[in-house]
Amino acid sequence: MKKPRTYYLTLSQTFPATHPRKGEPTYFKEKMANAIYHMRHQEVFEPGEQNDGDEKYHTIRANYKLWQKRFEQIAAGEAVLSVRQWSGKPYRSKMVEICRLTKDDGIGIQKLKFASDRDGCQCWWNFSIDGRYCHYDTKADYVPNKLAENDGLSYKDWQDWFRNYDLSKPLAIIHFTKFRY
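Numbers given in my numbering equal positions in the sequence shown, counted from 1, plus 279.
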């Protein structure tokens, strides 16, 4: 049997230099572990208990098409996802594996697209996930705050994190658990 290919995904230990909170810890590793534990041990939580900000169910990445191809291989059992973080300074230190996830762990991908306003600017509050339109509505399940919270960030930190991304192109929501929107 052929050994599965390994795809690497790196979580940041600290906020990047382009973020107002640069250098502060993100706690993404711990938040991802909390989300995985929550999904695997739902019996210890109250029914319908919401993410209190200490969980990271997914990460959002550019280049949706690349990640889509990788997840097709993962779904076929031909690849695994190695989630890592730098042991020190990014790109100047060794990467340490946090966990290795397979299709059996329920990982998956969803397509995130932001809508444009009348001036052609990308709207943080109007987007679609897998073609389902979501917008800012206090009664909706998919408000931007929820997307940010499940990414392990406050809404303000999430906006600052993605402000330099090209939001006109689809992004990949990479799920660490069976949770989906």
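The beta-carbon is built from N, C-alpha and C at its ideal position, and this holds for glycine as well. Every value quoted in this text rests on a predicted model; they were computed, and no experiment measured them.
| query | result |
| --- | --- |
| What does Y286 pair with, by DSSP beta-bridge criteria? | L360 |
| Is the separation between the beta-carbon of F350 and that of I388 shorter than 9 Å? | yes |
| Touch check for the segment 345-365 and the segment 431-447: three-plus C-beta pairs under 8 Å? | no |
| How close, in whole Å, do the beta carbons of I452 and L391 come, if the pair is a contact with beta carbons under 8 Å? | 5 Å |
| With DSSP as the reference, label Q347 as helix, strand or coil. | helix |
| Grab the span of the alpha helix (DSSP H) containing Q292 for me, first residue to last. | Careful: Q292 lies outside any alpha helix (DSSP H) and carries neither H nor E. |
| Our contact map puts Y460 next to I408 with C-beta atoms below 8 Å; I'd like the distance itself, whole angstroms only. | 5 Å |
| In the structure shown, what three-state DSSP assignment does Y316 receive? | helix |
| State the start and end residues of the unbroken beta strand (DSSP E) segment that holds K425. | K425 -> not in any beta strand (DSSP E); alpha helix (DSSP H) instead, spanning P423 to N429. |
| Measure from the alpha carbon of K448 to the alpha carbon of each residue in E309, Y343 and D333, then state which is nearest. | Y343 |
| Sort A427, L450 and L446 by Cα distance to E334 and report the nearest one. | A427 |
| Would you tell me roughly how many angstroms separate the C-alpha atoms of Y412 and A296, rounded to the nearest one? | 32 Å |
| Checking 9 Å against the spacing of the C-beta atoms, do R340 and L446 come in under that value? | no |
| Starting from the C-beta of M311, find all residues in its chain whose C-beta is less than 6 Å away, skip the five residues before and the five after it, and write them out in chain order. | K335 and F455 |
| Looking only at its chain, what residues have a beta carbon closer than 7 Å to the beta carbon of I315, apart from the 5 residues adjacent to it on each side? | F455 and T456 |
| Using CA coordinates, which residue listed in Q292, R300 and M318 is at the minimum distance from D384? | M318 |
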